[in-house]
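Residue numbers (our numbering), protein chains in the order written: chain A, 1 to 219; chain B, 1001 to 1223; chain C, 2001 to 2240. All C-beta atoms in this analysis are idealised placements derived from N, C-alpha and C, irrespective of residue type, glycine included. Remember, it's a predicted structure, so these values are computed and weren't measured experimentally. These notes are about the structure you will find just below.
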Amino acid sequence: MDYTFHWRPVIRKLPDLLEAALVTLEVAVLSMVIGILIGLALALIRMSGKRSTVWFAVGWIEIARNTPALLQLFFFGFGLGAFGFHLSPYMIVLCGLSFNNAGYLAENFRGGFNAIPDTQYRAARSLGMSAIQAYARIIIPQVFRIVYYPMTNQMVWAVLMSSLGMLVGFRELTGETQFLASKTFRIFEYFLFTAAIYYGLVKIILGASRLIAWRLFRY
Amino acid sequence: MSETDSIEFFTSFRVEDLWFLLEAAGRTLLISVLGISGGTVLGIAFGWLLSIGRWYGAATLGWVLDVFRSVPLIIQLVLFFNFFPIVGFPLDPFGAGTLVLVMYTSALVAQVARGGIEAVSISTRRAARSLGMSYWQDLRYVVWPIGIRAVLPSWTGVALGVLKDTALVSVLGYMELLRASQILITRTQEPFLVLAVVGAFYFALSFPIARFSERLERRWSHD
Amino acid sequence: MIEIEGVRKSFGPLEVLRGIDLTVRNGEVISIIGASGSGKSTLLYCINGLESIQGGRILVDGEDVHGRDTNLNRLRQRLGMVFQQWNSFPHLTALENVALAPRIVKGKSRAEAREIARAQLEHVGLGDKLDVYPSKLSGGQQQRLAIARALAMEPDYMLFDEATSALDPELVGEVLDTMRLLANEGATMICVTHEMGFARDVSDRVAFVDEGRIEEIGPPSQIFGAAQSEKTQRFLAKVR
């Protein structure tokens, strides 16, 4: 083995990497917020059973789940570019991740709603609650608990998926790593550090999720 | 836009290009099958080791597999592709890609397999042993058939995930479906059409399997 | 007063109620008995508007339940309902289960709603379970919780839909005792029930429903002692 490891340049650039890790976290969190809102809407549309709109929800969900996330990102990149819509790398990643998250979360939400017996809704209505009150106070809180762990998983996936940003020119953690590594040719060293940072990010997310769950779900 | 431009718009994507994509789809399928089957065999072995529940197993193997699940695949690919030459085993993109996919898949399958083994209750296994079955007979005739029913849907999810993740091996330069699409886009300048066709290829590979698994799951949950 | 006049209800081609007439006076306890599938429970759902009807009408204090302009949410506040599957809300403590509707439906303050809830839980004998989640309560306790939850809305009428059918035998007694307590306090109750002992001891009148019609109605002494309809006699002979 005639390869000598050079760690010093990587350590010197650690602040840059950690800053990029925050960008990764930001885009992942934003894509989750958007994904949850759209995913909830898709699940409700799909469950409504109205033919005119169901195809739209089903189409979104199945495309998001049955094609590579990278391909979805490319669609928001030069796919849309073909029609003259040029998104910034940041927007490409945000849109791509949100699209993907929404598709997966919609199915989680649908499963959650199906797991709540109708009788809960009836009991709420029998107490004089309106349909909206019954959903907001009785159904959604219970669905939220059921989908909480799948949502945590999706958040982890969002962080991992955001690494695809490198391939559309976005300087999140992986993109930044690639940028720095290409200047010094210390590819292995840089990517090893980045791997460790991702591992740390995932552990922090899982830890935070567990802490929140412990505070939130007392039943 | 002049007349000739619009004509070219329709002619630049040729029938040969479809063959080119089909060949690339074949390579996507090949590396998927290798990654999934290798990863599944290895993953089941790992899952079984973890289910035995020794502390040193969880501390070493469990931790390594956890790392593979917590680091983006693209990082793993770049990392190992650059690592093999360092230790004197330079691998081509296909070899390195397959190896990383196998490891990555095995980490995901190990979790599934462990879940399947633990889905079989202790009392059921005790009953099997009380009938005089050996440890291996218990695994083969009791744990396997019960466990596989419990986790086949999750395994399908993992397998389909890996199928889609093979798109990332393109980063190393392996000419699979996604990389082929990049080349076609550069040549034809028709990104939307090419991406749609490639998307349809992936969809055609993934969707039927997903549907089949869903139906199987529904049928099993009824009895 | 609840007036039920010629009510008809079908699910698709299946006619479940075929013209029900019944008047429930204030303070009266009425038990509805009959074979399962005879439409007893459906009648209760129709009374508080959880099910639509295809014919006839139901008046609660003169207000048409299925009228176009009826505010069902307001009407249901006067009609407490207890279900066979108790349907306690699993994500809320016992106290929150009971306090929620008074607060968000009736607009009571948080403190007021908690006070009402505490009083009602003590009323049904769950005064020591205020901060417990339903998953930690037995079936009988959850059913009493459901009764307290309905009572907290201060309803004028209570509808019981086979309140004890899903309970383990040893838990039936505590729920029946609670229902008895309410009856003695003068509540107006309509109870769909399989508990013949309860129907005989507590009701003012008992209605036997068969194939979507009221086959016979009268005081318990008549139904259980000298039923006039042959169908009633046959049913009672079977369940005893």
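From the DSSP output, in three-state form, read off residue i for me.
i       : result
V1143/B : helix
L1184/B : helix
M1103/B : helix
A1028/B : Checking the displayed sequence, the identity of residue 1028/B turns out to be Thr instead of Ala. T1028/B: helix per DSSP, three-state reduction.
F268/A  : Lying outside 1 to 219, the shown extent of chain A, residue 268/A is not represented and no answer is given.
I2053/C : coil
V2192/C : strand
K2009/C : strand
R1114/B : helix
L44/A   : helix
G2140/C : helix
A2207/C : strand
Y2157/C : strand
T2023/C : strand
I140/A  : helix
I2223/C : helix
G1132/B : coil
I36/A   : helix
M2001/C : coil
S2165/C : coil
R1211/B : helix
E1190/B : coil
I116/A  : coil
V2029/C : strand
V29/A   : helix
L211/A  : helix
V2016/C : strand
For residue i versus residue j, is the C-beta spacing smaller than 8 Å?
i       : j       : result
L189/A  : F5/A    : Correcting the residue identity first, residue 189/A is Glu in this sequence and not Leu. For E189/A and F5/A, yes; Cβs fall inside 8 Å.
A1180/B : L1021/B : yes
F78/A   : I1185/B : yes
L1178/B : L73/A   : no
P2134/C : Q2142/C : yes
S162/A  : A28/A   : yes
A2150/C : L2022/C : no
T2178/C : V2124/C : yes
Y1174/B : G1097/B : yes
L201/A  : V159/A  : yes
S2031/C : S2203/C : yes
G2140/C : E2174/C : yes
S182/A  : L97/A   : no
G165/A  : P68/A   : no
I2058/C : V2024/C : no
G2055/C : V2209/C : no
L105/A  : M151/A  : yes
G2049/C : L2075/C : yes
H2219/C : A2199/C : In the sequence as displayed, the identity of residue 2219/C is Pro instead of His. No, Cβ-Cβ distance for P2219/C and A2199/C is not below 8 Å.
L2126/C : R2144/C : yes
V23/A   : F193/A  : no
T2193/C : I2047/C : no
L1042/B : V1100/B : no
G1057/B : L1065/B : no
Any idea if residue i is buried or exposed, counting beta-carbon neighbours within 10 angstroms, 16 or more meaning buried?
i       : result
K2136/C : exposed
T53/A   : exposed
D1165/B : buried
F191/A  : buried
R218/A  : exposed
E2122/C : exposed
S7/A    : The sequence given here places Trp at residue 7/A; Ser does not occur at that position. That one is exposed.
S2088/C : buried
Y1202/B : buried
V2172/C : buried
K13/A   : buried
Please look up how many angstroms separate the CB atoms of residue i and residue j, rounded, as I've assumed it's under 8 Å.
i       : j       : result
A20/A   : R171/A  : 6 Å
A2148/C : V2105/C : About 16 Å; that fails the 8 Å criterion.
Y1104/B : G1053/B : 24 Å between Cβ atoms; not a contact.
G247/A  : M2153/C : Residue numbering for chain A in the displayed model covers 1 to 219; residue 247/A lies beyond these limits and cannot be assessed.
E1978/C : K2238/C : There is no way to answer for residue 1978/C, as the model of chain C reaches only from 2001 to 2240.
G35/A   : I61/A   : About 12 Å; that fails the 8 Å criterion.
G2186/C : G2027/C : 5 Å
L25/A   : I197/A  : 11 Å between Cβ atoms; not a contact.
G39/A   : F109/A  : 6 Å
Just checking residue i against the ligand FAD - is the residue's beta carbon closer than 7 Å to any of the ligand's heavy atoms?
i       : result
V2016/C : With respect to the ligand FAD, the structure offers nothing, as it holds no ligand at all.
*Mind listing, in chain order, the continuous alpha helix (DSSP H) runs of no fewer than 4 residues lying wholly within the stretch 2059-2111 of chain C?*
DSSP runs (the alpha helix (DSSP H)) wholly in the stretch 2059-2111 of chain C: 2072-2076 and 2094-2104.
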